[in-house]
Amino acid sequence: MRKFNIRKVLDGLTAVSAVASASSAAQQQQAGNRETEIQETLQSEHFQLCKTVRHGFPYQPSALAFDPVQKILAIGTQTGALRLFGRPGVECYCQHDSGAAVIQLQFLINEGALVSALADDTLHLWNLRQKRPAILHSLKFNRERITFCHLPFQSKWLYVGTERGNIHIVNVESFTLSGYVIMWNKAIELSSKSHPGPVVHISDNPMDEGKLLIGFESGTVVLWDLKSKKADYRYTHDEAIHSVAWHHEGKQFICSHSDGTLTIWNVKSPTKPFQTITPHGKQLKDGKKPEPCKPILKVEYKTTRAGEPFIILSGGLSYDTVGRRPCLTVMHGKSTAVLEMDYSIVDFLTLCETPYPNDFQEPYAVVVLLEKDLVLIDLAQNGYPIFENPYPLTIHESPVTCCEYFADCPADLIPAFYSVGVQQKRQGYSKKEWPISGGNWGLITRSYPEIIITGHADGSIKFWDASAITLQVLYKLKTAKVFEKSRNKDDRPNTDIVDEDPYAIQIISWCPESRMLCIAGVSAHVIIYRFSKQEVTTEVIPMLEVRLLYEINDVETPDGEQVPPVPTPGTGSNPQSIVPQSHPSTSSSSSDGLRDNVPCLKVKNSPLKQSPGYQIELVIQLVWVSGEPPQQITSLAVNSAYGLVVFGNCNGIAMVDYLQKTVLLNLGTIELYGSNDPYRREPRSPRKTRQPSGAGLCDINEGTVVPEDRCKSPTSAKMSRKLSLPTELKPDLDVKDNSFSRSRSSSVTSIDKESREAISALHFCETFTRKADTSPSPCLWVGTTLGTVLVIVLNLPPGGEQRLLQPVIVSPSGTILRLKGAILRMAFLDTTGSLVPPAHEPWREHNVPEDKDEKAKKRRPVSVSPSSSQEISENQYAVICSEKQAKVISLPSQNCIYKQNITETSFVLRGDIVSLSNSICLACFCANGHIMTFSLPSLRPLLDVYYLPLTNMRIARTFCFTNNGQALYLVSPTEIQRLTYSQETCENLQEMLGELFTPVETPEAPNRGFFKGLFGGGAQSLDREELFGESASGKASRSLAQHIPGPGGIEGVKGAASGVVGELARARLALDERGQKLGELEEKTAAMLYSADSFSKHAHEMMLKYKDKKWYQF
């Protein structure tokens, strides 16, 4: 019976009163003190949820733009996202609310503004003069579809081409349409009977702003005179046009066509092209036209003072180059360079020294936007090398399968990873500085080391420095190199349990203090790594094969169990003597031909050179048993102080001593319960009671002579598998999409599912294992998918050499705790409510011989448990979080003192116990999209925000919380979204963000020269206001497009105090807003008059209807 304490109800919001249970009163008297009150400092006002930054390559890119003065790059995507990049570390993410694809982007050069055109026929003006860009204006076209936009340098008039072949003109200051329209039927010849198709290109003549070149898809190009409102010249070609580009002198232009040809035209010779080039066509001897090639999707024509012009194009390859990768072709004089790309080309831009189109362009680099990469090519160096990309765009190099986030790590970790990672860098990059160099970094108010670890489908693991809202790759580890690679598909062993990506990482367990790393892969393999700065060659890779299956009436071979010979300390990290060979004494198939005792992957048997960084300590693989593949691993934990690794799946649990390279524990989940099994499930075969000693609890075949006194399972008559699940129900963690299809307690009804209770959480700690304990001791807490927590006691030998000679004894304690839903996370608090971290060993370089003093100190675990220095009478608290609820349990009494049902209708996907503002809390992310935090130990709700619904498994697989109010998840296959739930970080975020716009002088216009000025040969300017303004061209039709003011409003333009557009912008916007408000007022007045009129009509009708009726007739 539990006491009810009214104080907890009254004081629950400010202080927490620990409630003692009546059954533990005697224990507590014996312990000498009652459970103390813990003052909690975290309150609801400490929490606020907001997105911070988005890292990675923009998913499904569709458009590209560059500001040559500000040196800022913009990328638009098919989902309406906008990513802006400046100097390394200056990045910004924005989103169009509609989610429509971005079809084109145009910078207002050096104005701190950008125009985006979307597939839903809207135009948006973004203000980039604020840290978080916002939309100032939008314009929605109602009757026409936008296909191409062009904004001349230093002009406020944007040309918008449409699918119907018309061109409209938009004033970018007020975002209103001009009455001036170029209709397609006026542009083309009257004799032409067919429609010219959509507008695919618009540009003004570099030397004469009054002449507009319009390219139609069908192959017609028109040079339109804006003043006289008629076509000067029409150029017709029988192949469809994809793009057009001017020579800077304005006398020639070049077109790219669908048959892989380029046509160069002289402006004044419209009858036929001056030259036709097929860059990739095979020239036929008899003077015939070359064979057609694939379309040239884009061409750029850039001139240089000193030499030949550059013609740069994408596409145009010959049709017989099947399987050839996409190419960018650079033609310079007589040389043609074909640069192969890894992915298809979305768009490219040539970066030039001048923003003026009528000057020598002097191209120096090409930005190529690929489907999954961004490449910059240096045009100034021979061989066109690429620039080393400083942005963190390689997150998706291989698909991310899991990730972990660690804030407030030891300070020496990032330099250590950087020093080993710098040796992995590729050579042969351009020597020049990265040319996209705009913007300024934000102020870093306070910084602490943050590390993100991503696991990938190809078995690689990347360590990222994520400190101060930036991201930079530090080090990459390839876990697959320990395994033999199959040459081709036929050669592949049919032991694979997954069709593709057999090395994919599923779980990462990492101890930042000792740098021990442990991974579990999709092929039921576990690898333990140590960090070293020395290169080593491992002659034989240490490996263990574990037979983890819960049998029913199984024909069993005697379990070959033995403790391998123990190496003498100091013989190197990987002594050969302890390597179990791959079953020389057992065949790989059982008596009836079923696959047996074979792992899914084959470890290399040749020496392995291991570079500085993470080096293999031990490979553990689960093996096939009687034709059934091993189940995938569902949980994993490593502890450097104890030298142990433990993992579990839906069959059971295995614990390995990685120092002695022995299996200590190998039990079916049901066997962990002993006689306390609440489901009364029968073991699959009548086994002998297992000894609680280290050797007796193993079930591993090491291929050596089996000592007779070891436990053997009796042989039963025939094999029958009654309780194995059908394949589609197997609750394994699939790496692709059904990543959390483990059975949940809420839906568990069948004996099948209960018999496959999976291990879902593991936690090493030093705490009280039984009610009668008077002092904490090392143990392992095990959580299962059915909501059970079991405790295993660890009896460790003394440190030093004894640790390598004496066995570790493991035994179940009999302690069983129950929660609703699968167990996700466990942690321990001391009497003061502080987190008790697991014991760990400090990192040391193990590849360097030690002296005797060091040897004596060796393996003395650092238990940073605050309770170790306290009196033994003081208690601890276990915090356990499941998919449905959280409990705080007092130890050693095992009384549940606080309980919180987190969700009834959904389930928790991720729960983490994290530190924030010198206190700790439980943070949860639910499948219904809610992010919640709870105080500890009282589990008071502090935050509950609906953040995002679980739209796919990727979010479930990658969401994680860490200290200081940080969290992240993979928002798309290529991008990490970081967020914070700390109110302090939200407040400081504005300062931490970088600035995109920096005041820069616009370069001087090119000098026209004496003779050009005298004879009028230079660039002709045009008073566009006179042509396109309301006084000259009238108002555009209201039904054509609808103006929508953006959320940026007048605030957004306050920063725009300089530049051509900037000065007028505020006054015009103020007038515009005033006019708009007057317009709205007029509309409201009209609406009120209309409603008053309709009301009077309605009232009159009612009066007539009931005029002659008596009161009782109503």
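Under the numbering used here, the first residue of the sequence shown is numbered 33, with each subsequent residue one higher. Ideal Cβ positions, reconstructed from N, Cα and C, are used throughout, including at glycine. Note that the structure is predicted; figures quoted are calculated from it, not measured.
Tell me whether the beta-carbon of residue i lies closer than 8 Å to the beta-carbon of residue j.
i        : j       : result
Tyr-388  : Ala-412 : no
Leu-1072 : Asn-995 : no
Pro-481  : Ser-499 : yes
Val-840  : Asp-689 : yes
Thr-817  : Ser-845 : no
Leu-383  : Pro-90  : no
Thr-511  : Ile-539 : no
Gly-118  : Ile-141 : no
Cys-543  : Val-670 : yes
Ile-273  : Thr-293 : no
Val-911  : Met-964 : no
Leu-828  : Tyr-674 : yes
Arg-452  : Lys-634 : Note that residue 452 is Val in the sequence shown, not Arg. Taking 8 Å as the Cβ cut-off, Val-452 and Lys-634 do not qualify as a contacting pair.
Ser-350  : Lys-330 : no
Ile-685  : Val-823 : no
Thr-820  : Arg-850 : yes
Leu-861  : Gln-908 : yes
Phe-1029 : Arg-161 : yes
Count the other CB atoms within 10 Å of the CB of residue i; is the residue buried (16 or more) or exposed (fewer)?
i        : result
Ile-485  : buried
Pro-424  : buried
Ser-638  : exposed
Glu-1019 : exposed
Leu-475  : exposed
Glu-915  : buried
Gln-664  : buried
Ser-187  : buried
Ser-546  : buried
Thr-20   : The question about residue 20 has no answer, for the chain in this structure spans 33 to 1146.
Cys-325  : buried
Met-215  : exposed
Gly-943  : buried
Pro-447  : exposed
Ile-107  : buried
Arg-337  : exposed
Thr-194  : buried
Gln-1147 : The chain is shown only over 33 to 1146; residue 1147 falls outside these bounds and no answer can be derived.
Ser-658  : buried
Thr-864  : exposed
Lys-334  : buried
When DSSP builds the beta bridges, which residues end up paired with residue i?
i       : result
Ala-369 : Val-362
Arg-857 : Cys-913
Pro-973 : Phe-966
Cys-953 : Val-946 and Ser-967
Glu-332 : Ile-344
Ile-296 : Ile-286 and Gln-307
Val-232 : Answer is none; Val-232 lacks a bridge partner.
Asn-671 : Leu-676
Asp-379 : Leu-401
Cys-928 : Ile-921
Fully enclosed by the segment 237-266, which beta strand (DSSP E) runs are 3 residues long or longer?
-> 240-248 and 252-257
Which parts of the segment 797-846 are runs of the beta strand (DSSP E), unbroken and 3 residues or longer, counting only runs that do not cross its ends?
-> 809-816 and 820-827
Touching by the beta-carbon criterion (3+ pairs, under 8 Å), the segment 392-411 and the segment 186-201 | no
Would you call the segment 173-182 and the segment 234-241 in contact, with 3 or more CB pairs under 8 Å?
-> yes
Quick one: which unbroken alpha helix (DSSP H) runs of 4-plus residues sit fully inside the segment 989-1039? Chain order, please.
-> 1015-1024
Stretch pair the segment 354-372 + the segment 436-443: three plus CB contacts closer than 8 Å | no
Minimum length 3: unbroken beta strand (DSSP E) runs contained in the segment 127-184 = 134-140, 145-150, 154-159, 166-173 and 178-182
Below 8 Å, can you find three or more Cβ-Cβ pairs linking the segment 1005-1017 to the segment 82-98?
-> yes
Per the contact definition of three or more C-beta pairs closer than 8 Å, is the segment 1031-1038 in contact with the segment 490-499?
-> no
Touch check for the segment 960-976 and the segment 871-880: three-plus C-beta pairs under 8 Å?
-> no
Touch test, the segment 219-228 against the segment 162-177, Cβ-Cβ under 8 Å, three pairs minimum = no
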